[in-house]
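Written out below as structure tokens is the structure these notes cover.
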Amino acid sequence: MGDLQTAALALAGSQQAPDWLASVRQRGAQRFAATPWPNRRTEQWKYTPLSALSGKSVQLPEPSGYKVPEADLIDVDAYRLVFINGVYSPDQSDSLPPEVASFSGVNDDQVALLQNHLGRLADSSAHLFAALGEATSAEGLVVHVKAGQSLDKPVYVVNYSVGEQSFLASTRVLVVLEAGAEAEVVEQFLSATDDQANLVTAHTEIVLGDNARVKHYRLNLEHEGITHAGGVFVELGRDAHFDGFAIAKGAELIRNDYLLIHRGSGAHVELNGVYMPRGRQVVDYHTNVQHRVPHCTSNEVFRGIIGDRAKAVFNGRIHIFADAQKTLAELSNKNLLTSNRAEIDTKPELEIYADDVKCAHGATVAQLDDEAIYYLQTRGIDKERAQVMMSFGFINELISNIQNEAVMNYLLPVLAKQFGRENDLLQLEADTLDAL
Amino acid sequence: MLSINNLCASVEDKQILKGLGLDVKPGEVHAIMGPNGAGKSTLGSVLAGREAFEVTEGSAQFDGENLLEMDVEERARAGLFLAFQYPVEIPGVSNMEFLKASVDAVRTHQGKPELSSVEFMKLARETSKKVKLDQGFLKRGVNEGFSGGEKKRNEIMQMMLLEPKLCILDETDSGLDIDALQTVADGVNAMRSPERSFIVVTHYQRLLDYIVPDYVHVLADGKIVKSGDKSLAKELEAKGYGWLEGEVA
Ligand SMILES: Nc1ncnc2c1ncn2[C@@H]1O[C@H](COP(=O)(O)OP(=O)(O)OP(=O)(O)O)[C@@H](O)[C@H]1O
Ligand SMILES: [Mg+2]
């Protein structure tokens, strides 16, 4: 067992938890202890070295009076829940509707739901950090929308890392939408400064009943010192829709797993994602779409720009079971390397056991279009600027398709900054062009 | 304005321009016609500075400077504008941002301050009206999903925004409907001035009814094989290029 493993278990043992959570935590702790620390031969972590992490020292977070700067937050009309280092901050959170509760405010029905579902999709025997998350999770939230109802505003979850020490911040999200129910969930991960070195584990489980629809955003926008490992685990009933967006930039190491399981015919998954590691950062997305029943569709588009000596890993698995005839599954992953020391490991993994399916899978290392750069130059724009504009465009194609305008308007300047561009024109465009 | 002498250029080791000469004075409009594959677009590319085209011999002076030594963007900033035969689509890069970057680059070169976003938006709006391009196009990706005609209007809009000294229009009339042709011609005519010159590459005499040239040249097999006034275009329209073959040595 590595130092981190031993330390994490000791911390878990010393932590208080409500009764309903205790057994989940115990299970997590056992599994975490039993899982050997990944090495280069561990398939799930082959391209993402965790050796440095095994020596990391962490502490349990304590409540802090830190107030998240308003400027860091998305200007969205939503039910906001703020977690500082994984600890719920009621002062900075909105009063919640009956459908939403933090772990500290759950009622009996919600406890029953959590007991049924927590760790069911985010299987702690299969995911190292899901086990760690289980072992140490004290806080999180549950969203439960009854059949045919829809939440009037998005649920906006802010996970903020701040402080001198390296905290182990674990949060869980459980979303259960009954038949025909609808909700939108925005998860945002931030940190205060580059020095802040939390280990963040965040696992989200989404259970969609027949015809239920969820829009989900997972925004990893932490600073350099953060190590983030988590995932989004979704189960779709008949004709259910999952519409997801993911972005990862800034942290030292970000690993996100997406598991999307089609359990009812007619279900549809739409997942777009962008990642932009630079410096020596590592971003790793593992997506796993399981088509278990006929007539389901999935469409995944991920794009990355990898700069400096950074590295990205994209592992896109599509598993079409023997019963899943008439499946339509598409996955595209395009990567732009902006330095010759940048690295991308993109790996398609197709397992197809049904014969009447359409499955398209493309993973490429893209190049900026020379012809387009030349075109920009003939308009007086210098080559470097042209390259930046085009790189931005490569990502912007996905950002500008984001349906939640508040999220889109938040991300555009964040990206503009990443690409070193003025954004007043973008802003002006967003604000006033319609009015002109 | 532009003085080209014995220009020879090749692409992928294939010689395309074979000793081309052309002299364009301020205020003049020159039309260039000629068979497919003759090298008309190549001439535009060489003048604009496209890397793939290698100049093997000859010279080109623009406003007294050695054009061939300038970078692509320097040529543009110095006032050379090429309207593409096939404008490039750049998804994700907003047309508005592109146009502003372009105008700012040229203004900076001229020692003028960059336009504020509001000033620029006003200018862009007015100009888009002149070429009858809906303002919605400003928000889209550069040429992304534009129809052929819309792309050409976007080219003319860029020309109007940049106010170049020398405009090279490569088949800007191809694929345009009658109204669009009129719009493009009006745009060019409005910009004609004693200081500004045009090289208009076209296959159709019809355009030259709208944009009346001072000179018409025939470019065949990499050089100018015949020059005349606007009546030459009429003659070509009637007779084709076959009768010139003797002159294509
Ligand atoms: N990038 C390239 N690589 C190889 N050959 C090229 C390239 N660009 C042009 N050529 C060749 O150079 C010759 C001249 O092409 P160019 O496009 O200049 O003709 P053009 O006179 O503009 O013809 P059109 O009237 O059809 O537009 C053609 O034979 C063409 O195939
Ligand atoms: Mg041509």
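Top to bottom, those sequences are chains A and B.
All residue numbers for the first sequence refer to this note's numbering, where the first residue is 70 and numbers rise by one.
All residue numbers for the second sequence refer to this note's numbering, where the first residue is 23 and numbers rise by one.
Every residue gets a Cβ at the ideal spot worked out from N, C-alpha and C, and that includes glycine.
Taking the beta carbon of residue i as the centre, do at least 16 other beta carbons fall within 10 Å, making it buried, or is it exposed?
| i | result |
| --- | --- |
| T262 (chain A) | exposed |
| V140 (chain B) | exposed |
| K151 (chain B) | exposed |
| P223 (chain A) | buried |
| P346 (chain A) | buried |
| D308 (chain A) | buried |
| Q179 (chain A) | buried |
| S173 (chain A) | exposed |
| T296 (chain A) | buried |
| L419 (chain A) | exposed |
| E168 (chain A) | buried |
| T149 (chain B) | buried |
| E233 (chain A) | exposed |
| D192 (chain B) | buried |
| A398 (chain A) | buried |
| S162 (chain A) | buried |
Relative to the alpha-carbon of residue i, which residue among the options has its alpha-carbon at the smallest distance?
| i | options | result |
| --- | --- | --- |
| L137 (chain B) | B:S150, B:R147, B:A123 | B:A123 |
| L24 (chain B) | B:S215, B:T224, B:V222, B:L188 | B:L188 |
| K452 (chain A) | B:C30, B:E76, B:G71 | B:G71 |
| G170 (chain B) | B:D199, B:S215, B:M182 | B:D199 |
| F75 (chain B) | B:L42, B:I190, B:I38 | B:I38 |
| L259 (chain A) | A:A320, A:M458, A:N176, A:F488 | A:A320 |
| A146 (chain B) | B:W265, B:E91, B:L160 | B:L160 |
| L90 (chain A) | A:G209, A:A140, A:D326, A:S120 | A:G209 |
| F314 (chain A) | A:P130, A:I468, A:R410 | A:I468 |
| Y229 (chain A) | A:D88, A:V269, A:G217, A:L220 | A:V269 |
| V234 (chain B) | B:H225, B:D251, B:I26 | B:D251 |
| H272 (chain A) | A:A266, A:E256, A:D264 | A:E256 |
| G56 (chain B) | B:H239, B:W265, B:G80, B:E257 | B:H239 |
| A435 (chain A) | A:I450, A:E412, A:R378 | A:E412 |
| P138 (chain A) | A:D439, A:E440, A:V231, A:F311 | A:V231 |
| V33 (chain B) | B:G43, B:I26, B:G59, B:I54 | B:G59 |
| R97 (chain B) | B:G114, B:V68, B:E259 | B:V68 |
Counting only the same chain and skipping the five closest in sequence on each side, list residues whose C-beta sits under 6 Å from that of residue i.
| i | result |
| --- | --- |
| F506 (chain A) | This structure cannot speak to residue 506 (chain A), because chain A is shown only from 70 to 505. |
| G506 (chain A) | No answer is possible for residue 506 (chain A): the residues shown for chain A start at 70 and end at 505. |
| K125 (chain A) | L73 |
| G71 (chain A) | W106, S123 |
| K154 (chain B) | T205 |
| L90 (chain B) | V77, A82 |
| D414 (chain A) | Y116, V382 |
| Y286 (chain A) | V255, F314, V476 |
| N341 (chain A) | F314, V370, L467 |
| V210 (chain B) | I233 |
Who are the Cβ neighbours of residue i in its own chain at under 8 Å, not counting the five residues just before and after it?
| i | result |
| --- | --- |
| G306 (chain A) | A248, L277, G278, D279, N280, A281, R332, G333, A336 |
| D167 (chain B) | Here residue 167 (chain B) is Gly; the residue named in the question, Asp, does not match the sequence. Answer for G167 (chain B): E111, listed in chain order. |
| A77 (chain A) | F101, V127, L201, A204, T205, L237 |
| L505 (chain A) | Summary for L505 (chain A): the model assigns pLDDT 45, below 50, so the residue's position carries little reliability; its value from the coordinates is reported in the next sentence. Closer than 8 Å at the Cβ level, and outside the excluded window around L505 (chain A), lies no residue. |
| S219 (chain B) | M23, L24, V46, K47, P48, G49, E50, V51, H52, K187, L188, C189 |
Going along the chain, which residues of its own chain have a beta-carbon closer than 7 Å to the beta-carbon of residue i, five neighbours each way excluded?
| i | result |
| --- | --- |
| Y422 (chain A) | I389, F390, A391 |
| A271 (chain B) | Model confidence at A271 (chain B) stands at a pLDDT of 43, short of 50, so the residue's coordinates are unreliable; what they give is reported in the following sentence. Closer than 7 Å at Cβ, skipping near neighbours: no residue. |
| P109 (chain B) | N165, K173, N176, E177 |
| R99 (chain B) | A127, V128, H131 |
| V362 (chain A) | H331, R332, G333, S334, D392, A393 |
| D195 (chain B) | L203, V206, T224, Y226, L229 |
Answer yes or no: the CB of residue i versus the heavy atoms of ligand 4, is any distance below 7 Å?
| i | result |
| --- | --- |
| E34 (chain B) | As far as ligands go, the structure on display features ligand 1 and ligand 2 and does not contain ligand 4. |
What residues from chain E crowd round residue i, counting only those whose CB sits closer than 7 Å?
| i | result |
| --- | --- |
| G167 (chain B) | Judged by its chain identifiers, the structure shown contains no chain E, and its protein chains are A and B. |
Name the DSSP bridge partner or partners of residue i?
| i | result |
| --- | --- |
| I421 (chain A) | A:I389 |
| Q128 (chain A) | A:F236 |
| H297 (chain A) | A:V269, A:I323 |
| Q37 (chain B) | B:S32 |
| Q394 (chain A) | DSSP, once it has assigned bridges, lists no residue as partnering Q394 (chain A). |
| V214 (chain A) | A:L246 |
| I54 (chain B) | B:V223, B:H239 |
Note to self: Below 8 Å, how does it come out for the stretch 246–256 of chain A and the stretch 207–223 of chain A: are there three or more Cβ pairs, yes or no?
What the structure shows: yes
Check: Touching or not, the stretch 331–338 of chain A and the stretch 415–433 of chain A, by the rule of three or more beta carbon pairs under 8 Å?
Finding: no
Next item on the list: Give a yes or no on contact between the stretch 239–250 of chain B and the stretch 61–70 of chain B, applying the rule of three or more CB pairs nearer than 8 Å.
Entry: yes
Next item on the list: Count the C-beta pairs between the stretch 111–121 of chain A and the stretch 347–355 of chain A that are closer than 8 Å, then say yes if the count reaches three, no if not.
Entry: yes
Check: Are the stretch 205–224 of chain B and the stretch 42–49 of chain B touching by the rule of at least three beta carbon pairs closer than 8 Å?
Finding: yes
Margin query: Contact between the stretch 464–483 of chain A and the stretch 370–387 of chain A is defined here as three or more beta-carbon pairs at a separation below 8 Å; is this criterion met?
Written below: yes
Margin query: Three or more C-beta pairs under 8 Å: does that hold for the stretch 434–449 of chain A against the stretch 117–136 of chain B?
Written below: yes
Next item on the list: Evaluate contact between the stretch 149–158 of chain A and the stretch 225–241 of chain A, counting only Cβ atoms and requiring at least three cross-stretch pairs below 8 Å.
Entry: yes
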